[in-house]
Amino acid sequence: MHVDEVLIIGAGPAGMAAALQLKRYGITPRHFEKARPGGLLWNANCVENYPGFPQGISGPDLVHTFIEQIKGIEIAPEPVIELSWQQELFFARTPSNTYPARKVIIASGTRPCLFTGFPIPDELSPNVVYEVAGLLNEEGKNIVIVGSSDAAFDYALNLSRKNTVIILNRGERLKCLPLLWDRAQAVQNLSYRSNTVIKKLLVRPGSGMIVECSSPQGPAEYQADYLVGAIGREPLLDFVSASVTEQAADLENRGILHLVGDVKNGIFRQTAIAVGDGIRAAMRIHQITEGSAHESDCFHR
Ligand SMILES: Cc1cc2nc3c(=O)[nH]c(=O)nc-3n(C[C@H](O)[C@H](O)[C@H](O)COP(=O)(O)OP(=O)(O)OC[C@H]3O[C@@H](n4cnc5c(N)ncnc54)[C@H](O)[C@@H]3O)c2cc1C
4 MHVDEVLIIG AGPAGMAAAL QLKRYGITPR HFEKARPGGL LWNANCVENY PGFPQGISGP
64 DLVHTFIEQI KGIEIAPEPV IELSWQQELF FARTPSNTYP ARKVIIASGT RPCLFTGFPI
124 PDELSPNVVY EVAGLLNEEG KNIVIVGSSD AAFDYALNLS RKNTVIILNR GERLKCLPLL
184 WDRAQAVQNL SYRSNTVIKK LLVRPGSGMI VECSSPQGPA EYQADYLVGA IGREPLLDFV
244 SASVTEQAAD LENRGILHLV GDVKNGIFRQ TAIAVGDGIR AAMRIHQITE GSAHESDCFH
304 R
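Once you know that position 155 of the sequence shown is 158 in the numbering used here, the rest is easy, because the numbers rise by one and skip nothing.
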């Protein structure tokens, strides 16, 4: 039975950074990505807090630099559908095979919190989305975004370049950075409604999707080609079996299981943090693989 030294789940910034650092140690991880390398960054309008890009950089452009940098590292385009632990080995099951590994880095990021409180008619479900990477080529559409966080405003600024966008906030409190709010206010075809709660989605012949809402001014309705949810995200760990979760603390202490990036960072979901986590996990893995022979080096390469 072939056993991999390291297996990485997810090729967003955290997983790619881990792979890059492992490569520097001559360790070739088995690496799985269920969608496409880059992760959530494909949705980011302008990343202004990632060092090295003083003018800021779009999420997709930043992904291209990451992909350029990890050229030569193989990433298998498959989901890990189950991760289990038995007899001192991890087993990652994909639709095509099961891969044993000694150490695992989970860099699976987050999944969106879904709309609740109103049914989504089947015929509208393709137009109700939680990420915008697939909408970036849309033009002249009406788009309703729900949320008040950085992501909601980042989505809105991105999509309002070529479309008309309304942001609905069910409450009054804004959770986004003040600079995003200021930018949004300067965009003509981007508007914002507070205290506006979606009650119903319906299809009206000739108009498509109608978003029916309650608001302090009374009922309101919006025609929408797309409804975008930006109402929070939660760790994506649905593939991790009880045999791992029950022993996670011990496996992490031993340095053979690492959760890196957004999957474990709560509100601190930022690219630079995810990248740092990935590098750190790879260094720790190298450290326990090699022993502490180089502990006194100034720089651990
Ligand atoms: C609109 C928006 C704007 C943003 N703007 C900024 C910003 O300006 N600055 C900043 O620093 N950050 C920003 N971020 C946050 C940044 O995108 C994330 O912090 C970063 O992408 C997290 O990286 P990650 O690798 O931890 O997770 P992710 O990027 O979520 O990557 C996880 C990867 O794992 C894959 N995966 C999941 N489960 C499996 C599985 N079972 N098998 C195989 N693959 C799997 C996913 O497909 C995904 O590719 C923004 C995010 C959004 C949504």
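The beta-carbon is built from N, C-alpha and C at its ideal position, and this holds for glycine as well.
Thr-101 sits in a strand when the DSSP states are folded into three classes.
Taking a cut-off of 8 Å for Cβ pairs, the segment 250 to 267 and the segment 121 to 131 do not touch, as fewer than three such pairs fall below it. Minimum Cα-Cα distance from Gly-62 among the listed residues Met-4, Ala-285, Met-19, Gly-42 corresponds to Gly-42. In the DSSP assignment, Phe-69 falls within the unbroken alpha helix (DSSP H) covering 62 to 72. Contact between Asn-166 and Glu-141 holds, with the beta-carbon distance rounding to 6 Å and staying under 8 Å.
Within the DSSP bridge table, the entry for Trp-88 names Phe-93 as partners.
Checking the DSSP bridge columns, you'll see Ser-194 partnered with Ile-169. Apart from the 5 residues on each side of it in sequence, Tyr-133 sits with its Cβ closer than 6 Å to the Cβ of Pro-115, Gly-232 in its chain, given in chain order. At least one heavy atom of ligand 1 is found less than 7 Å from the C-beta of Gly-264.
Counting of Cβ neighbours within 10 angstroms places Arg-27 among the exposed residues, the total staying below 16. Separation of Arg-196 and Leu-180 (C-alpha to C-alpha, rounded to the nearest whole angstrom) is 17 Å.
Under the three-state reduction of DSSP, Met-286 is assigned to helix.
Straight across, the Cα-Cα distance linking Ile-213 with Ile-76 is about 46 Å. When rounded, the separation of the alpha-carbon atoms in Arg-39 and Ala-14 is 8 Å. Placement of the Cβ of Thr-274 at a distance of less than 7 Å from at least one heavy atom of ligand 1 is found. If you check the CB distance, Ser-217 and Val-190 do not come in under 8 Å.
The residue from Ala-136, Ala-22, Val-83, Ser-87 with its alpha-carbon nearest to that of Asn-46 is Ala-136.
Relative to ligand 1, Glu-36 has its C-beta within less than 7 Å of a heavy atom. When distances are taken from the beta-carbon of Val-83 to the heavy atoms of ligand 1, the shortest one is below 7 Å.
The residues Phe-35, Val-83, Ile-109, Ser-111, in chain order, have a CB closer than 6 Å to that of Ile-12 in the same chain once the five nearest residues on each side in sequence are set aside. Between Ser-194 and Leu-177, the C-beta spacing is not below 8 Å. With contacts defined by Cβ atoms closer than 8 Å, Gln-24 and Ala-285 form a contacting pair. Assignment of beta strand (DSSP E) within the segment 99 to 164, counting only whole runs of 3 or more residues, yields 101 to 109, 113 to 115, 145 to 149 in chain order. Bounds of any beta strand (DSSP E) do not take in Gly-18; it lies within the alpha helix (DSSP H) bounded by 16 to 27. In the three-state reduction of the DSSP assignment, Gln-273 falls in the coil class. With respect to Leu-160, Asn-48 sits close: the two C-beta atoms are nearer than 8 Å. Judged by pairs of C-beta atoms under 8 Å, the segment 236 to 252 touches the segment 264 to 278, as three or more such pairs exist. In this structure, Glu-81 lies near Thr-97, with their beta-carbon atoms less than 8 Å apart.
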